[in-house]
Structures are given as C-alpha cells and as structure tokens.
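Protein chains in written order, with the working numbering: chain A, 7 to 242; chain B, 7 to 242.
Below is one structure; the comments refer to it alone.
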DNA sequence: CGATCTGTTTGCGATTGCGCAAAGTGACGC
DNA sequence: GCGTCACTTTGCGCAATCGCAAACAGATCG
C-alpha cells in the first residue's frame, strides 16, 4: 500500500478525461487537492472484498481486474477496469464495504479519494455528478448485456463476445491481428463468461485451429475478428 | 398512452419517499411542476424496447416488469419495478433509446418527466442526484448478484434465490405463508433466472410436494421460507 | 541450467437441464 | 354453462458442458 502523502496531481493530466470534462477548473483543482496518487505493481491488491470501503478510485493508467469470491470459494470476474474508469465507488451502491477485490493486472497508476469525499464531490459538482452517473450507468448496461448473454447464449457465443469486447477495450493492433494488451488467463475468461477453464481452453484451441485466434500463456490475439464475430452473432 | 395534461402532483405524496427525501421543498415543488402523472392498466406498455427515450419515470404504485428481447426472439426479464423505483432513465446509461420494454403487471400509477429534464433535475438538485445515483447503484448491485448466481449456481438455487427475493420485495404476508402480490408466471421466473419454463415448473412442483411453496395459475406463495433458503444457500 | 510453479491442453465419463411432445386445468367471455 | 385461451404439468431422450484426471510447457528463480 503506497501512501503518497500530499502530492498534488497535475490538473493537465486529468482535465481532458471524460469524467472530469466540463468541470470548472477551480472545482477540479479543489478536488485534486483531496486526491492521492498511488502506484500499484502488477499483482498488487488495490482493495479487498469485504473490506471497509475507505476510498474510491480512478484509474489513470494500467489495468485492474475486479473479482468476487462466492461463499463456496468460486471466483467470478465482475469487471476489467480500464484507464478513465471510476472504481471502488461502494458509496454509490449504498454499501459500506467493497463487493469485490481489485488487483492490478499490470503496473497501474490510480488516484484515490477518501470515501467521505464522495458525497461532497458529487453534491458539489453537478457536472461531475452527471459524468459519474453515466460511468455507473454504463456499468449497469454492461452488466445487463452479460446477463442477457448468460441467459440466452451457449458458452461458445458468450466467450466469443467476451473476447471481442476485450479486444475493443484493451486491444493493441499488430500486423497479425489485435492483441489483448494485458495478461489474461483462460481461467479469467472462464470467470468472465460463467464457464470453466477447461471449456475455454477447448474453445480457444478449436478457434486457433481455424485460424481465428492465436493463444499463448496469458496471451491472446484475435487474428480474424470477422470470423469471431460470426461465432458471436450468427447472422440470421 | 394516457396523457394527463398539466395536473399538479400533490407534493405530500412524494416528499417522504427516499428518492425525494432531503430535497428542498421549493425544488421538489418545481420538479413536480414538470411531471405528468399517468395510470397504466394491467397489461399496458409504458415504453417499448428500442423506442426513442422521451421520458423517464418513477413508480408510485403498482408493479412493472421490464424485459428485453434478444435478436433471435428470446425474452429476458431484466427487472421488476417496485413502488419508489426510478425506471426508464436511459439518459443515465448514455443511451438514446430504452433498452427494454416496461409493462404493467397490475394497474399502476407512474410519474413521468420529459427526458430533457433529467440533466436539469440532476444538475440542479444535488440531493436528488445522490439519491438517484444510489437508486442506479442498487440496480447495479442487483445485476452483479444475478451475474454471480448465473455464473456459479445450478438452476435450482437460482430459482430459489429469485423466489425469495420476490417475496421480500413484493410479498404480502398471509396466515399460510408469504404470497407474491402480483401475477407472475413460471415463464417469468424462467426469464429471470436464465432457464426454461419447463424446468421452473418441475422445480416448483417438487417444492410443492415438499411443502415449501404453494403454486397456482400466476400465483406463488412461499410456505416455508426457511426451507427454501436452505435450498438457496446450503449452509456449509 | 535444472527444479519448480503456474498456466494450458486433452481425453473421457457423468450430469444437468434443454427441447420436444402431449395432456391437464383454471379463468374468463359470451 | 360451455368453449377457448393462456398457463401449467409431466415424460422422455439428447446434447452441451462440467468434473476429474493426467500430461505438457512456458516462465522464473536460485
């Protein structure tokens, strides 16, 4: 847990990010006064499921995985946090604790505020409140999308959708295709789609044989997005 | 579509509801000026999936079911709207259209505002903004709960959870047990839990034989909540 | 540079829950 | 009071996918 004292955050770093856009410069400056920048090395835990929700966060750089463990020990990946996302806003869910555990998938840079600031900041910045609400609303929309998929699609389509979404949100374009730019395991994908490691592995192997993807240890590249999309959404 | 002209809404009807609590009386009065009360008879449609999101709503009285249809025609029930809930707030999801269709399960009374008011109202009422955000946040929490269940639990547990949740949110206590106080079909429950009508029917029949519930046409009463809870969460 | 650890692949049998089919049954309208 | 419609029940075979088991392979570390 790197506590970085009172280090001012350069406003130019954030002023153009969607979340903070249209905020009055003075208000933004005031908000950043209360913020603490923190670095998390790959693998480090930002917060733990069940812990008292003492702070909320914004991801500047890197990737995080947020997952939950059920009572009987099964993991479910609830979301991947991308730069520009708010996370750990338990207050907005009216919860006293974090519902999941957030871990850095790569070295990451976050900004955090004491949770008590949430109310102040939201009530004091109508513009930010709107933006934050949309941030949360998008998350709701995503959750609904996943629910719809889980309810109606077989495993293969769900996995295809999940992989395509990952390449869209976290893809780096290479000559041979689009690579998911952070380490991700078959287990991760299984936890995102409600299936098992084994099934994901089998699917990816089959896809690789058909030339749709190229796999590797914690690596995945989509070499034929069109083909994958056809699996995800068989047109008519 | 009952358009009720400029009928003022009695502020005393809403001032004590959680969503509007702590708002300044003047601001609340102003907000209600813009609102239109509407009644929807059982079975009527409040808004349709894909339609231009022209208004957002608040349920005063009744019950609504919101469901989505997938491209291949399968229904998924996204939520049941209870009195005191906001719904149809597409703007907060940054969507131009309604993601689902809302139908009255019983005669219902709603208040609606033109969607353009959303921004005004949220930006102009910090207190309301917080409350609305929590309303949406709760919905996110619920979606995550369902995702977790869909990912890790077999059908029987999911259905048990769904039924228990319904009795908690919409249960009327009777001598013999807790009745779900609006008409609900096995198909509905199937669409809430990602399974089929047939499987739900089989489960309920089995439960009825064990004395846990009592079924009927569009009816369901839980007669042994403890027993059902044991199915939902087998302790250790 | 070998040992070890973590992540991956693959086979096979066991189940769960689905899909199809067909028969009941309560509610409502005429 | 009867017909119809919507909702429900139940049986049966099949397919998807899980669970277990075992072998394999990059990566990391001393």
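We treat Cβ as the ideally placed atom computed from N, Cα and C, and that holds for glycine.
Note that the structure is a prediction, hence the values are computed from the model and not measured.
Query	Result
Residue closest to residue 98(B), alpha-carbon to alpha-carbon, out of 83(B), 178(B), 140(B), 195(B)	140(B)
Distance, residue 119(B) Cα to residue 190(A) Cα	44 Å
Within chain A, partners of residue 143(B) - CB distance below 7 Å	98, 99, 100, 142
Proximal residues of chain A, C-beta to C-beta of residue 154(B) below 7 Å	74, 76, 82
Reference residue 69(B); option with closest CA among 60(B), 77(B), 50(B), 62(B)	50(B)
Residues near residue 87(B) by beta carbon distance below 8 Å, same chain, minus five either side	65, 69, 70, 71, 72, 93, 108
Any chain A beta carbon closer than 8 Å to residue 158(B)	yes
Pair within 8 Å by beta-carbon distance, residue 129(A) and residue 136(B)	yes
Whether residue 18(A) touches residue 82(B) by CB criterion (8 Å)	no
Other residues of its chain near residue 57(A): CB distance less than 8 Å, five sequence neighbours each side excluded	103, 104
Contacting positions in the stretch 112-135 of chain B - beta carbon closer than 8 Å to chain A	125, 128, 129, 130, 132, 133, 135
Chain-ordered neighbours of residue 105(A) on chain B, where CB pairs are closer than 8 Å	147, 150
Any chain A beta carbon closer than 8 Å to residue 139(B)	yes
Where the beta strand (DSSP E) containing residue 81(A) begins and where it ends	81-87
Rounded separation between residue 23(B) and residue 121(B) - CA only	21 Å
Per-residue contacts from residue 200(B) into chain A (C-beta, under 7 Å)	156, 157
Proximity below 8 Å, CB of residue 188(A) to CB of residue 111(A)	yes
Cβ contact (3+ pairs, closer than 8 Å) linking the stretch 20-40 of chain A and the stretch 142-152 of chain A	no
Coil, strand or helix - residue 185(A) by DSSP	strand
Cβ-based burial, residue 164(A) [other Cβ within 10 Å; buried from 16]	buried
Beta strand (DSSP E) runs wholly inside the stretch 41-72 of chain B, at least 3 long, in chain order	42-46, 51-53, 61-67
Limits of the unbroken beta strand (DSSP E) element including residue 180(B)	177-180
Exposure label - residue 154(B); buried when at least 16 CB within 10 Å	buried
Nearest-angstrom Cα separation, counted from residue 45(B) out to residue 115(B)	5 Å
Residues bridged to residue 14(B) [DSSP beta-bridge criterion]	None, per the DSSP bridge assignment.
Beta-carbon gap between residue 220(B) and residue 183(B) smaller than 8 Å	yes
Those residues which DSSP pairs with residue 221(A) across a bridge	226(A)
Close-in-space but distant-in-sequence residues of the same chain around residue 201(A) (CB under 8 Å, 5 per side omitted)	161, 164, 165
Pairwise C-alpha distance: residue 41(B) and residue 26(B)	14 Å
Span separating the alpha-carbon of residue 127(A) from that of residue 32(A)	13 Å
8 Å Cβ cutoff, residue 237(B) in contact with chain A	no
Spatially closest choice to residue 55(A) from 67(A), 47(A), 43(A), 76(A), by CA coordinates	76(A)
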